[in-house]
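Structure first, commentary second.
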Amino acid sequence: MPRILTPKETSAIRLLIFVIMLATVVLVAHWYIVNSKILPDEGGDYIEGVVGAPNLINPILAQTNEVDQDIARLLFNGLFKLEDGKLLPDLVESYSITPNQLEYTFKLKSGVSWHDGEPFTAGDVVFTLESIQNPEFKSPLYTSLAGVNVKQIDDNNLTITLPQPFAPFLSLLTFGILPEHIWADIPPTTAHLANVNLKSPVGTGPFKIKSLKKDSRGVIKSYTLTRNDKFYSHTPYLNSVTFKFYTDAGSLVSALNNKNIDGIHYLPQKYQAEITNKNVTIKSLSLPQYSAIFFNPTKNSNLNVLEIRQALAMAVNRTELVQQALHDQGSVIYGPILPGFIGYSPDIKKYDYQPQETQAILIKAGWKKISADDYQNLLATAPTNTPAGITTATGTAITTVTPTASPPPQPAPSVGTQEYFWQKDQNILSITLTTVDNPETAAAATLIKKQWENIGVKVNLNIVDKDRLIPDIIKPRQYEALLFGQIVGYDPDPYAFWHSSQINYPGVNLAMYSNKKIDGLLEEARKISDVAVRTQKYREFQQTINNELPAIFLYNPTYPYVLSKQIKGFTVERIAAPADRFNTIADWYIKTKRQLNFATTNSTKTPL
Numbered sequence: 000m001p002r003i004l005t006p007k008e009t010s011a012i013r014l015l016i017f018v019i020m021l022a023t024v025v026l027v028a029h030w031y032i033v034n035s036k037i038l039p040d041e042g043g044d045y046i047e048g049v050v051g052a053p054n055l056i057n058p059i060l061a062q063t064n065e066v067d068q069d070i071a072r073l074l075f076n077g078l079f080k081l082e083d084g085k086l087l088p089d090l091v092e093s094y095s096i097t098p099n100q101l102e103y104t105f106k107l108k109s110g111v112s113w114h115d116g117e118p119f120t121a122g123d124v125v126f127t128l129e130s131i132q133n134p135e136f137k138s139p140l141y142t143s144l145a146g147v148n149v150k151q152i153d154d155n156n157l158t159i160t161l162p163q164p165f166a167p168f169l170s171l172l173t174f175g176i177l178p179e180h181i182w183a184d185i186p187p188t189t190a191h192l193a194n195v196n197l198k199s200p201v202g203t204g205p206f207k208i209k210s211l212k213k214d215s216r217g218v219i220k221s222y223t224l225t226r227n228d229k230f231y232s233h234t235p236y237l238n239s240v241t242f243k244f245y246t247d248a249g250s251l252v253s254a255l256n257n258k259n260i261d262g263i264h265y266l267p268q269k270y271q272a273e274i275t276n277k278n279v280t281i282k283s284l285s286l287p288q289y290s291a292i293f294f295n296p297t298k299n300s301n302l303n304v305l306e307i308r309q310a311l312a313m314a315v316n317r318t319e320l321v322q323q324a325l326h327d328q329g330s331v332i333y334g335p336i337l338p339g340f341i342g343y344s345p346d347i348k349k350y351d352y353q354p355q356e357t358q359a360i361l362i363k364a365g366w367k368k369i370s371a372d373d374y375q376n377l378l379a380t381a382p383t384n385t386p387a388g389i390t391t392a393t394g395t396a397i398t399t400v401t402p403t404a405s406p407p408p409q410p411a412p413s414v415g416t417q418e419y420f421w422q423k424d425q426n427i428l429s430i431t432l433t434t435v436d437n438p439e440t441a442a443a444a445t446l447i448k449k450q451w452e453n454i455g456v457k458v459n460l461n462i463v464d465k466d467r468l469i470p471d472i473i474k475p476r477q478y479e480a481l482l483f484g485q486i487v488g489y490d491p492d493p494y495a496f497w498h499s500s501q502i503n504y505p506g507v508n509l510a511m512y513s514n515k516k517i518d519g520l521l522e523e524a525r526k527i528s529d530v531a532v533r534t535q536k537y538r539e540f541q542q543t544i545n546n547e548l549p550a551i552f553l554y555n556p557t558y559p560y561v562l563s564k565q566i567k568g569f570t571v572e573r574i575a576a577p578a579d580r581f582n583t584i585a586d587w588y589i590k591t592k593r594q595l596n597f598a599t600t601n602s603t604k605t606p607l
């Protein structure tokens, strides 16, 4: 007869079976982990808070409103796109350029459709470019395509002919394409009023419009986009992207801390310390932008003197500006070509922070150091009996007035903590520094004022409201020295900023700089596609600018983007415009899944 197991033996066998089963599970799990990979999975929603509201979600009209540009980037595609500073084909499959660099032939990607299911064709591209060229459409892109001829070959091919070679031309073709079948019947003169701009924009992008919510006053509060399951590249992972609109940065931070939003489009440094939400991170994105002090010698004759510009440059502590004004959200620069761009040279002449050298430079130029008391005595007589030759900060002579009676004693003007000044032929070395009223530039201007005062320069600070900056300051060129930021774009072509033809508004040659040699270099460089030749010309341009110092180049600020830690797949580091942070949004994901390495799949999505 079989022996009956004792309770102790039974327990031992049960334990053995459990151990075997557990080991099997562990081994299978280990094998599965070793032989599988984590993949992004569909699902999840992202909500971003922005200051402002949408107005024209139209890629060829939305050039001044960042909210419009952000949303348009998710809805529309261009012929080309920028990813981390690289220009890549988007709706274009391939292209060719004739040897004379005048004719471009484009083959478009097949199988692309609009959000409403209609096929995308070359006719849409031709329509979009011709709309931009139509002055009645009033596109801000109008001048960029002046003289360009576009011709459709068939549904998938077209040619664009330029009036003259222009090396950066392809970088201009990143704007979104409009659907002809929707816009053809809308009069160009009323295009900016069309409902399709806001309520029902149709594009080819990774997301399409789902809903628009307003409050009881009709103010837009949110804009929700849903995944485009027929996106030509691959289906986006996120289910939806919602933009919520706020009036100020403080409200954005409150919404983030209360977990009503997952990210913030742009958050000034002064508000970043108020974030208490531990589930977010701040991405510092590199922008093709520099801030500089642009000199205008027509408003201050002292600035015509190279030695004075050199002394001012050597008195600026750029590192201090980045640390204190930008709170380390930027990098020091010395020239108009940024690191990583065509033509950049680290070997250009640099005027580093050397305040101890400025006295010798000014003395050699004929200036005499005077005490604060001497300066007060000199100015105290100016209102009623100005010594001949004393000039104001603008270089304009003060009119001498002969009093008819002895005036009452005037209090000496305050000089603050400044210990000394510079005088030459009764002219006091002084300058007015103008900038816009925002936290970063105002802080930087205040630091620069102190740095210049430390070497004896009399400095007046003029901080203006942003609404006044263009009409009152930049357009009439009413400044002596302007602290201002310029976005140079993907291609470093400096023509718009430094060619003499751009001195007057709407040109942006803010230094009023005129140099025939520089004009020639810039004209030649923008016609040449050979990178090596362009590089050489831009390096020569850069060296000349740094030798002559029409401006002091200060720093390259970064773009602080607040993003939820739940969002994975965000790989952008460099952007040409704020909306470029969404260039790879089809690859963003929240959810994941595992898949065996040898499993077959039709997905084109990239494993982690």
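Using numbering that gives the first Met the number 0, the letters of the sequence shown map in sequence onto residues 0 to 607. Heads up, the beta-carbon is just placed ideally off N, CA and C, and yes, glycines get one too.
- For the pair Y494 and Q100, the Cα-to-Cα distance works out to about 19 Å.
- Residue pairing for D40: DSSP places it in a beta bridge opposite K590.
- Rounded to whole angstroms, V279 and D372 show a C-alpha spacing of 55 Å.
- DSSP lists S93 and N156 as the beta-bridge partner residues of K106.
- Selection G204, F174, V315 and N295 evaluated against I584 yields G204 as nearest (Cα-Cα).
- The three-state reading of DSSP puts G122 in helix, counting H, G and I together.
- In this structure, the beta-carbon distance from P162 to G146 falls below 8 Å.
- Distance check between N376 and each of L361, Q422, Q271 and R573 places Q422 closest, using alpha-carbon atoms only.
- Proximity of the segment 275-295 to the segment 478-493 meets the contact definition, three or more beta-carbon pairs being nearer than 8 Å.
- A contact is defined here as three or more CB-CB pairs under 8 Å, and the segment 515-530 fails this definition with respect to the segment 269-284.
- The C-alpha of V571 lies about 9 Å from the C-alpha of G84.
- DSSP places I360 outside any beta strand (DSSP E); the residue lies instead in the alpha helix (DSSP H), whose first and last residues are T357 to K363.
- Rounded to the nearest whole angstrom, the C-alpha separation of Y537 and Y45 is 42 Å.
- E418 counts as exposed, since fewer than 16 other C-beta atoms from the protein chains shown sit within 10 angstroms of its C-beta.
- For P438, the enclosing alpha helix (DSSP H) starts and ends at P438 to E452.
- Just so you know, the alpha carbons of D471 and Q477 end up roughly 7 Å apart.
- DSSP assignment within the segment 154-218 yields the following whole alpha helix (DSSP H) runs of 4 residues or more, N-terminal first: 179-182.
- If you look at G329, you'll find it in the beta strand (DSSP E) that goes G329 to V331.
- By the criterion of a C-beta distance shorter than 6 Å, I527 is surrounded in its chain by A166 and R533, once the five residues flanking it on both sides are discounted.
- DSSP places F293 within a strand segment (E or B) once states are collapsed to three.
- The beta carbon of E452 is closer than 7 Å to those of Q417 and V458 in its chain, skipping five residues each way along the sequence.
- Inter-residue distance for F552 and N303 is about 18 Å (C-alpha atoms, whole angstroms).
- Under the rule that a run must span 3 or more residues, the beta strand (DSSP E) segments found entirely inside the segment 452-485 read 457-463.
- Assignment of beta-bridge partners to K368 by DSSP yields W421.
- Here S528 carries a coil assignment [DSSP, helix/strand/coil].
- The C-beta separation of T591 from D153 comes to about 43 Å, leaving the pair out of contact by the 8 Å criterion.
- A check of alpha carbon separations from L446 across E356, T318, N34 and A379 identifies T318 as the nearest.
- DSSP places L14 within a helical segment (H, G or I) once states are collapsed to three.
- In this structure, I176 keeps its C-beta atom at 8 Å or more from the C-beta atom of I131.
- A straight-line Cα-Cα distance of about 12 Å links P53 and K212.
- Residue state for P6 is assigned as helix, using DSSP reduced to three classes.
- By the CB criterion at 8 Å, L432 and F420 fall outside the cutoff.
- Membership of K85 in any alpha helix (DSSP H) is not indicated; the residue belongs instead to the beta strand (DSSP E) covering K85 to P88.
- Following the DSSP letters along the chain, one finds I70 inside the alpha helix (DSSP H) bounded by residues E65 to L74.
- Excluding residues up to 5 positions away in sequence, G262, I263, L266, V279 and I281 lie with their Cβ nearer than 6 Å to the Cβ of V561 in the same chain.
- When the beta-carbon positions are compared, D436 and I462 come within less than 8 Å of each other.
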